[in-house]
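Read the structure below first, then the notes.
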Amino acid sequence: CQVLKDLSVSHIVISDSPALGSLSAVSRKAGYTFLKKKYGVQILPLSNPITFENIEQVPHLKIAGCLQHYDRIINLPKVKSHCQMTMTLCIKNLFGLVIGKRKPALHCLVKNDKLKFGKMLIDIARHVNPCLSIVDGIEAMQGQGPINGTPYPLGVMGASQDMTALDLVFTHLLQIPPEKVYSLEAARIKQFGQSNIEDIIISGVMDYRSLAVEDFKKAYPLDISFNPLRLIKSFVKQIYELRIKEPLTMKVSGKDISH
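Okay, so the sequence shown: first residue is 4 according to my numbering, each after it adds one.
Laid out in structure tokens, this is it:
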């Protein structure tokens, strides 16, 4: 935010659409609320789902239409292991532009085809085209992510206008074969971004290969589709979070949420 302010950016919005809970609750837990006071940042939920042309023809694929109101989009992923897609990095992070409970529905609609899911992510990435991606790998997630993972002190950040190149560099740091990261394999097939590590120009204070780690725990692979009962359970939990837990938490903290 400080860099954007230094560049005279007048209006900064942080946005997301959590699959569980509200954005206000998630942003409080993540510690983002201080940015509102310090930089005048707005924290707004993604809204107005719209269709767009997706080559993979995945039915009911919609992303946040509110993105059309902004001049530039910066993609801010955390490094996380993922039990269905191997890793969450730049490309996979853009699935967050699918609003709320549409996410698990799309998991089911690709019929457990992880490569097709990856190709769908490339369609989203092409359409949204962030001006910059900044990967936060200071504290990564390893193991059975994105829900049951554990912290891993990777201690690396990276930035690029090429999402594929940046994802590829991080898979090399973690010593994960790129073909096992379905979003990267889809990028290679669909010729999206730079898929050859030897052709990527990497700037930094040291050789990136010296930052590679050997003990990062990968996720045990699971099917990409969700059990219908799990979807129902998730929907009920979402109602509980939004209608009961969060209002109760706000009342206990002494804040008036009636207006």
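Glycine included, C-beta positions come from ideal geometry on N, C-alpha and C.
Item	Value
Looking at the strands, I want to know which residues DSSP matches up with Leu47.	Ser18
Mind reading off the beta-carbon distance from Gly196 to Thr167? Whole number of angstroms is fine, and I expect it under 8 Å.	3 Å
Suppose contacts are defined by Cβ-Cβ distances below 8 Å. Is Arg105 in contact with Lys41 by that definition?	no
Do you know whose CA, among Pro48, Gly34, Asp210, lies nearest Pro21's CA?	Pro48
Assign Asn96 to one of three DSSP states: helix, strand, or coil.	helix
Using the Cα positions of Ser50 and Phe98, report the straight-line distance between them to the nearest angstrom.	14 Å
His72 by DSSP, collapsed to three states: which one?	helix
Using C-beta distances below 7 Å, list every residue in its chain close to Lys8, excluding the 5 sequence neighbours before and after it, in chain order.	Tyr42
Is the segment 110 to 126 in contact with the segment 175 to 189, if contact means three or more CB pairs nearer than 8 Å?	yes
Answer yes or no: the CB of Leu214 versus the heavy atoms of the ligand NAP, is any distance below 7 Å?	Among the components of this structure there are no ligands whatsoever, and the ligand NAP is therefore not found.
Enumerate in chain order the residues of its own chain whose CB-to-CB distance from Thr153 is below 8 Å, with the five nearest sequence positions on each side excluded.	Met144, Gln145, Gly146, Lys220
Can you check which of these residues, Gln87, Glu56, Thr36, is closest to Leu225 by C-alpha distance?	Gln87
Which of helix, strand or coil does DSSP assign to His63?	coil
To which residues does DSSP link Leu118 through a beta bridge?	According to DSSP, which records beta bridges pairwise, Leu118 is partnered with nothing at all.
Between the alpha carbons of Asp19 and Cys4, how many angstroms are there, rounded?	16 Å
What is the DSSP secondary structure of Glu142, counted as helix, strand or coil?	strand
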